[in-house]
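In my numbering, the protein residues as written are 1 to 393. Every residue gets a Cβ at the ideal spot worked out from N, C-alpha and C, and that includes glycine. None of the values given here were measured: they were computed from a predicted structure. Everything below concerns the one structure shown next.
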Ligand code: ASP
């Protein structure tokens, strides 16, 4: 496109004098041919549909700029973003932007704001090939997990990214993260279908399934890992998609957005020496609906009579207890040791190799849909959006 614009300018300047005597001269035929070629090129270019990406800025470090006088990080107007990343113009995509007002630090993320993101995606779904969400890194994995459940039948890419250094800083990781996330959001297969019709996190050089991802580093640019599922793409000189790992969606199904959550849940992490009174009081919180129990190794807990009794009583009262491991890598296998088996017998269900972020958001999501407890149990045991490896137990 640039080449054509430049050609046009040069052409007008050079040929100005010659158009005064165009008739029958060979220059006239060259002139007509060049004009025809240019018009054809322009016509083809306008006919060719540009990929369209909606860029949604929710907040976080990526959208901050360092005040040169104080050195403090401050939010800057989102429309300034394009000025900070002029490279975006070279994509020849239609990139529209939308910003949360005010932008939020992701520590303030809430289910209600997940609903806002889903509403924006849903309302604009038909108009874009993909969506990029700029988000603070601290709770990005929770948001990615939540969105993966809220956007049922998703058939377009929703790529979350952010950065460890603000986009206005010289060594920022934000520019590359943003540019690559946009490229991935617009990427298509040979048959024209979106390459990654999933909620993902792109960070540093890996595209990860959102509901498999955990923030592991508050310092390095390589801040996210997916311990139990390989990257959907690795990015170096080329973007190499691992197509066999990407979800195969039914593109004929319409997007079905969900908005409800129930946050009557808690995450309880066991540790040697945990007190009976603490466990008892957590399990007796009025209205409590579910517990994500973070256990040892392959899903084991202390063999204390009182612990199993409290868990069993809670379970019998209708509180759903989901067992996930404190290990980053690997899955819960409650049959493996007596210390796990006793949990199974107390009514605890397996969370398989689910991340904590995913387990808690999945529970809040299922409970928010007012399903009977037995159905919530079954769905916790099922793979809804690629979040668990079901054959591990
Ligand atoms: N506190 C910031 C946030 O999560 C950190 C970041 O963006 O990396 O919003």
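Pull up the DSSP beta-bridge partners for residue i, would you.
i           : result
residue 130 : 53
residue 350 : 323
residue 225 : 214
residue 265 : 290
residue 241 : 233
residue 159 : 132 and 200
residue 256 : 152
residue 65  : 74
residue 91  : Answer by DSSP bridge pairing: none, since residue 91 is not bridged.
residue 339 : None; residue 339 has no bridge partner.
residue 96  : 54
With distances taken Cα to Cα, identify the nearest neighbour of residue i among the options.
i           : options               : result
residue 346 : 329, 293 and 355      : 293
residue 134 : 250, 199, 287 and 93  : 199
residue 162 : 375, 57, 309 and 391  : 57
residue 315 : 99, 38, 209 and 374   : 374
residue 353 : 296, 312 and 193      : 296
residue 121 : 28, 340, 244 and 55   : 55
residue 267 : 226, 196 and 363      : 363
residue 272 : 302, 252 and 278      : 302
residue 179 : 86, 230, 126 and 222  : 86
residue 388 : 125, 227 and 238      : 227
residue 97  : 111, 112 and 80       : 80
residue 187 : 278, 368, 131 and 215 : 131
residue 278 : 310, 250 and 247      : 310
residue 107 : 89, 73, 202 and 59    : 59
residue 270 : 248, 300 and 256      : 300
residue 335 : 327, 207 and 350      : 350
residue 166 : 75, 385 and 284       : 75
residue 192 : 177, 367, 251 and 68  : 251
residue 234 : 30, 27 and 208        : 208
residue 256 : 150, 384, 39 and 36   : 150
residue 395 : 181, 210, 213 and 176 : Any property of residue 395 remains undetermined from this structure, which presents the chain solely from 1 to 393.
residue 219 : 172, 113 and 282      : 172
residue 361 : 31, 28, 140 and 90    : 140
residue 210 : 158, 169 and 168      : 158
residue 168 : 32, 377 and 66        : 66
residue 325 : 348, 377 and 28       : 348
residue 342 : 330, 391, 355 and 312 : 312
residue 129 : 95, 382 and 213       : 95
residue 100 : 78, 332 and 327       : 78
residue 333 : 383, 391, 376 and 355 : 391
residue 470 : 248, 31, 229 and 344  : The requested residue 470 is not part of the displayed model; the chain covers only 1 to 393.
residue 189 : 384, 73 and 248       : 248
residue 137 : 253, 113, 164 and 327 : 164
residue 105 : 61, 383, 355 and 181  : 61
Rounded C-beta distance between residue i and residue j? I'm assuming under 8 Å.
i           : j           : result
residue 205 : residue 236 : 6 Å
residue 103 : residue 71  : The pair is not a contact, with the Cβ atoms about 20 Å apart (cut-off 8 Å).
residue 52  : residue 127 : 7 Å
residue 231 : residue 242 : 7 Å
residue 183 : residue 246 : In fact, because the Cβ distance is near 16 Å, the residues do not count as touching under 8 Å.
residue 369 : residue 258 : 7 Å
residue 49  : residue 93  : So it is not a contact: roughly 11 Å between Cβ atoms.
residue 202 : residue 215 : That pair is no contact at about 14 Å.
residue 298 : residue 340 : 6 Å
residue 380 : residue 371 : Contact doesn't hold; Cβ gap of about 11 Å is too wide.
Any C-beta of chain C sitting closer than 9 Å to the C-beta of residue i?
i           : result
residue 354 : As a matter of chain content, chain C is missing from the structure shown, which is built from one protein chain.
ask   = Mind pulling the alpha helix (DSSP H) runs of 4 or more residues that sit fully within the segment 169-209?
value = 174-186
ask   = Quick check: the segment 298-317 against the segment 256-265, are there 3 or more CB pairs under 8 Å?
value = no
task = Would you check if there are 3 or more beta carbon pairs closer than 8 Å linking the segment 141-154 to the segment 189-199?
result = yes
task = Could you say if the segment 134-149 and the segment 107-119 meet the contact criterion of at least three C-beta pairs nearer than 8 Å?
result = yes
task = State whether the segment 316-324 contacts the segment 277-293, with contact taken as three or more CB pairs (one from each stretch) at a distance under 8 Å.
result = yes
message = Runs of 3 residues minimum, wholly inside the segment 290-316: which ones carry the beta strand (DSSP E) assignment?
response = 290-295
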